[in-house]
Amino acid sequence: MSLSFYDTLAREKRAFVPADPDRVTLYVCGVTVYSYAHIGNARPAVVFDLAFRLLRHIFGEDHVLYARNITDVDDKINQAALDQGVDISAITTKFAEIYQADVAALGCLPPTFEPRATAHIPQMTAMISALIERGHAYQADGHVLFDTQSFPDYGKLSGRSLDDLLAGARVEVADYKRHPADFVLWKPAKPGEPSWQSPFGAGRPGWHIECSAMIETVLGLPIDIHGGGHDLIFPHHENEIAQGRCAHDGADYARVWMHNGFLTQSAEKMSKSIGNIRTIHDLLAEAPGEALRWALLSAHYRAPLEWNPELIAQSKRALDRLYGVLQRWPAAPEAWPAQVPEAVLDALEDDLATPRALAELFALARIAETAPTEAEKLAASASLLAAGRLMGFFNQTPLAWFSGGSDADFTAKVEALISERAQARQSKNWAEADRIRAELTALNVEVLDSATGVSWRLKG
RNA sequence: GGCCUGAUGGCGGAGUGGUGACGCAGCGGACUGCAAAUCCGUCCACCCCGGUUCGAUUCCGGGUCAGGCCUCCA
58 MSLSFYDTLA
68 REKRAFVPAD
78 PDRVTLYVCG
88 VTVYSYAHIG
98 NARPAVVFDL
108 AFRLLRHIFG
118 EDHVLYARNI
128 TDVDDKINQA
138 ALDQGVDISA
148 ITTKFAEIYQ
158 ADVAALGCLP
168 PTFEPRATAH
178 IPQMTAMISA
188 LIERGHAYQA
198 DGHVLFDTQS
208 FPDYGKLSGR
218 SLDDLLAGAR
228 VEVADYKRHP
238 ADFVLWKPAK
248 PGEPSWQSPF
258 GAGRPGWHIE
268 CSAMIETVLG
278 LPIDIHGGGH
288 DLIFPHHENE
298 IAQGRCAHDG
308 ADYARVWMHN
318 GFLTQSAEKM
328 SKSIGNIRTI
338 HDLLAEAPGE
348 ALRWALLSAH
358 YRAPLEWNPE
368 LIAQSKRALD
378 RLYGVLQRWP
388 AAPEAWPAQV
398 PEAVLDALED
408 DLATPRALAE
418 LFALARIAET
428 APTEAEKLAA
438 SASLLAAGRL
448 MGFFNQTPLA
458 WFSGGSDADF
468 TAKVEALISE
478 RAQARQSKNW
488 AEADRIRAEL
498 TALNVEVLDS
508 ATGVSWRLKG
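This is the structure in C-alpha cells:
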C-alpha cells in the first residue's frame, strides 16, 4: 500500500507524492489563543500529529517540516484583554502555553515551527502590497480588500461560485465591498486597539492573511499538505488559496488539502458559540491524555465523532487491555526496536484509517496472548509497542499507566497490603486474604494474581 | 434560500455486490481457593420505498431523518 490522502480540493483520495521527499511540508491551522482550547480544537492537533509521525516514519525524521500556527491577533483576544484590564500579550502568552501543554499531554510532538501572527506583520503587509500591485486587492474606506472577482478559481475548494455566495448571502454586506465575498486583508484600528503601521495606514491584518504569510515565510510555497478543521474550508482556506496564489501570479499554493470532521455532542457540533464545549484542560484532569488521544483517533478523522463520557471510558479500557499485554509480555531488549507491522502501516497510509490501525493493535494483542511460544508472544508485544508508539501511544511504562499518578506513600501502602495478603494466601487463610483484597478494593486498587506473581492496577 | 455530508448490532466504529472487521458491554465455559486478568464459545445490524442483479447493507433513483458550511469557529 502506498501513501494516500483524501484531498478536499480534488474530492477524492489520491496517492501522496511530496514535491521534494527530502523536504516534506505540512501546515495546520492551530488555535486562536484567547481562552482554554476545547477538545474539538484538539482533534486537528492529534490527527495531524499522527500525519506528521507517519510522514516522518516514511520520509525520515529530518525530512518533514510541520508548522502549526498560533493566532495572537483577534477581536476576541482584544476583548479578553479589555475585560481583564491587561495587555493582549498577557492573554496570548498564557493561553498559548496552556494550549501547548495540553496538546503535548495528548501525545502530540512539538511541531517544527509554531509561528505567531504578530511576528509576521511585515510579511503580511508585503503580501498585501503584492496583491494590490497585481490588481487583486483594493483599498476602500480604510480597508484593504481582496477582489474575489479577479480570481477565476475562487470557490473551487468549497465548491461554490461567487453567484452561489450572492444568492446565499445571509448577512449585511459592507457597502464598500465590490462583491459580497470580498474579504478583508487589512483593517483600520479602532481607538485603543493594538495596531501596526503599514503602507495602508495604522491597523491590523485580516484573519486569512496571516496563514498565507506564515506559510510562505516558514515553509515556502507551495506546501505539500495544508490541514485544518472542516469549518475552515470556507471561507478561511478558500481565501488563503485566493490570496496565496494571486500574490504569486497564480502559482501553486498547497498540493493537498486535508480537513478533519467535527466533534459532536448529541449530534451537534461542539463549538464555543453554542457553548457545548469541554476544554482539554478539564478533561485531562479526568482522564489520561493517552485515553483522550485514543478517543480522538477511534473514528476516522473525516467522520464526525460523538464525544461523551462513555467514549472516554471505553478508550481507557482499550488502553488497559493493551498495556496489560505489554506488562505481561514485556518486549525483550533484543526485540526492540521492532518493525511496525505492515498491516498497521497499510491502514495509516490509507488516508489515516485509524479505526483499522487500532483494530490491528488488538490483533497483535491477541497474538501476544495466544501464540504458542514465548518468543512469538514477546515478538508480537514488541510489534504492538512499535505500532502504538508510531501512533503516539505507550509513552509510559505499563506500571506507570496502571498506577496512574499514585505517589510513593500510596504505592508503599498498596505493596504492604499485597505482601500481607500473599502471606495469608500462602497459609490458605482465604478469609484474611479476601479481607485484605476488600481493603485494597476500597482504595480503588484491583489485585491481579497470576502464576508468576501479583500485580495491581488502579481501577478506572 | 444556496452548497455539502451522513444514516451499520445495547454502545463506539470499520468494511464489503454473495463466507456479517475490531473494541466495549451481555451471556455460556475454561482457568482461579474465590475473584480479577487472560483464553474459548456465543447473542445482536446494515433508515424507508423503488430499480439494476442469480444475489445489495454495499451500485442507481426517490423519500425520510440528522448534521455541517454560507457570520467568529478545529
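Residues in the first sequence are numbered consecutively from 58, following the numbering used here.
Just so it is clear, CB atoms sit at the ideal spot from N, CA and C, and this is done for glycine as well.
When the Cα atoms are used, what is the spatial distance from residue i to residue j?
i	j	result
H53	V511	Within the shown structure, residues of the chain are numbered from 58 to 517, placing residue 53 beyond reach of any answer.
L456	G286	36 Å
A124	D77	17 Å
S146	V397	43 Å
D204	S330	29 Å
L60	K244	42 Å
A231	V201	13 Å
N333	Q322	7 Å
D306	T175	26 Å
T274	E297	14 Å
R80	D119	8 Å
T492	E503	Reading off the sequence shown, one finds Arg at residue 492, where the question assumed Thr. The straight-line gap from Cα to Cα measures roughly 13 Å.
Q254	A388	60 Å
D239	A158	37 Å
M271	L122	13 Å
P179	A161	30 Å
Y91	A490	54 Å
V74	D210	24 Å
E399	S372	24 Å
A428	L505	22 Å
A473	L500	13 Å
R191	E325	43 Å
A395	Q206	55 Å
I155	P248	30 Å
Measure how close the beta-carbons of residue i and residue j come, nearest whole angstrom, since I'm counting them as under 8 Å.
i	j	result
T128	G87	7 Å
G445	L515	In fact, because the Cβ distance is near 20 Å, the residues do not count as touching under 8 Å.
A311	P262	Their Cβ separation, rounded to whole angstroms, is 20 Å, which puts A311 and P262 out of contact at 8 Å.
D408	Y63	5 Å
A94	T430	The pair is not a contact, with the Cβ atoms about 47 Å apart (cut-off 8 Å).
A425	K434	5 Å
S440	W386	S440 to W386, Cβ: 11 Å. No contact.
D281	L83	7 Å
What does DSSP give as the partner residues of residue i in its beta bridges?
i	result
F62	R71
L202	Y195 and V241
F170	A124
P262	W243
I282	L83 and V313
D506	V511
K326	T321
T336	H95
L362	L320
D407	S61
Can you list, in chain order, the residues of its chain whose CB lies under 8 Å from that of residue i, leaving out five sequence neighbours each side?
i	result
G164	V103, D106, G346, E347, R350, G449, F450 and N452
R110	L166, L447, M448 and G449
N135	I145, E250 and P251
P172	A124, N126, I127, M271, T274 and V275
V471	S463, L497, L500, V502 and W513
T169	V121, L122, Y123 and A124
Report all residues from its chain with a CB closer than 7 Å to the CB of residue i; omit the five preceding and five following residues, and keep chain order.
i	result
A414	V401, A404, L405 and M448
G199	P245 and G258
A410	H357 and A404
L320	I96, G97, R100, M327, L362 and W364
D149	A small correction: the amino acid at residue 149 is Thr; Asp does not occupy that position in the sequence shown. The residues are V90, D129 and I134.
K234	L202
Who are the near neighbours of residue i in its chain, counting only those whose CB is closer than 6 Å to its CB and skipping five residues on each side?
i	result
G284	V85, F105 and M315
L368	A352
T89	T128 and D131
Y65	Before going on, a small fix: residue 65 reads as Thr here, not Tyr. Around T65: W314 and H316.
K518	Given a span of 58 to 517 for the chain in the structure shown, any question on residue 518 remains unanswerable.
Y380	P455 and W458
G301	S269 and Y310
F208	A299 and C303
L341	A162
A108	none
R482	A490
A153	V90 and I127
G318	H287, R359, A360 and P361
Legend entry - Cβ contact check for the stretch 195-206 and the stretch 474-490: 3 or more pairs under 8 Å: no
Inset, instruction - Count the CB pairs spanning the stretch 258-274 and the stretch 183-191 that are closer than 8 Å, and state whether there are at least three. - result: Result yes; three or more Cβ-Cβ pairs closer than 8 Å.
Legend entry - Three-pair Cβ contact test at 8 Å for the stretch 271-291 versus the stretch 201-216: yes
Inset, instruction - Flag this pair as touching only if the stretch 407-421 and the stretch 461-473 have three or more C-beta atom pairs under 8 Å; answer yes or no. - result: no
Inset, instruction - Evaluate the contact criterion for the stretch 108-116 versus the stretch 64-71: three or more CB pairs, one atom per stretch, below 8 Å. - result: no
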